[in-house]
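Colleague: My questions all concern the structure below.
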Amino acid sequence: MSSIPDAEALYTGLLAGVKALMRADTRLVGITSGGAWLVERLQKDLGLPGAPGVISSAMHRDDFARRGLSASAQTALPFDVNGADVLLLDDVLYTGRTIRAVLNELFDFGRPACVRLAVLVDRGGRELPVAADFAAAKLTLPDTQLLALARADDGAFSLKVEENR
Numbered sequence: 027m028s029s030i031p032d033a034e035a036l037y038t039g040l041l042a043g044v045k046a047l048m049r050a051d052t053r054l055v056g057i058t059s060g061g062a063w064l065v066e067r068l069q070k071d072l073g074l075p076g077a078p079g080v081i082s083s084a085m086h087r088d089d090f091a092r093r094g095l096s097a098s099a100q101t102a103l104p105f106d107v108n109g110a111d112v113l114l115l116d117d118v119l120y121t122g123r124t125i126r127a128v129l130n131e132l133f134d135f136g137r138p139a140c141v142r143l144a145v146l147v148d149r150g151g152r153e154l155p156v157a158a159d160f161a162a163a164k165l166t167l168p169d170t171q172l173l174a175l176a177r178a179d180d181g182a183f184s185l186k187v188e189e190n191r
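Here our numbering is used: the first residue of the sequence shown is 27, the next is one more, and so on.
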């Protein structure tokens, strides 16, 4: 599908956008799994010390009964959430339900001073009032399609479109 943007080019834009959002005390937290891949690379490319945070939406999803626990990484926040400036990273922002679930998970660990959101792609279709502070691209897809980030063995990113089942 030729209308799908190049994920590596979008990553370059995301890196610049995240740099602009960074404060001295900002902590990066990636949403499993695509956001976790992004935050791992951003932490390195930005030269930030330590490990980034990873957060899972699994325990707070409103469709937990249907989806169950995913096999992806679980939440690991290597910093005190209380009073932290948290920048959440995700690959694709769609309905906003994952972000809602992640915020619930984050607040289980404490009360951050500020939470912002940066995404690789905002595909619209919001069901909840959630907006990204930065999106590398905006893309419209039919509701019948899912957009997902893939990571090759060498770490290169690509975007793939799948039919929603």
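C-beta atoms are modelled at their ideal positions from N, C-alpha and C, and glycine is treated no differently. In this text, all values refer to a predicted model and were calculated from it rather than measured experimentally.
(1) Confirm the yes/no value for this check: CB of G181, any heavy atom of the ligand ZN, distance under 8 angstroms.
(2) Suppose you measure from the CA of A50 to the CA of L74; what does that come to, to the nearest Å?
(3) Is it buried or exposed, S29, if we count other Cβ atoms within 10 angstroms and call 16 or more buried?
(4) In three-state DSSP terms, what is D51?
(5) Can you give me the C-alpha to C-alpha distance between A178 and S184, rounded to a whole angstrom?
(6) Is it the case that the Cβ atoms of D71 and R123 are separated by a distance below 9 angstroms?
(7) Alpha carbon to alpha carbon, what distance is there between G151 and L173?
(8) I need the DSSP call for F183, collapsed to helix, strand or coil.
Modeller: On the basis of the supplied data:
(1) In the structure on display, the ligand ZN does not appear, and there are no ligands present to speak of.
(2) 11 angstroms
(3) exposed
(4) coil
(5) 8 angstroms
(6) no
(7) 12 angstroms
(8) strand
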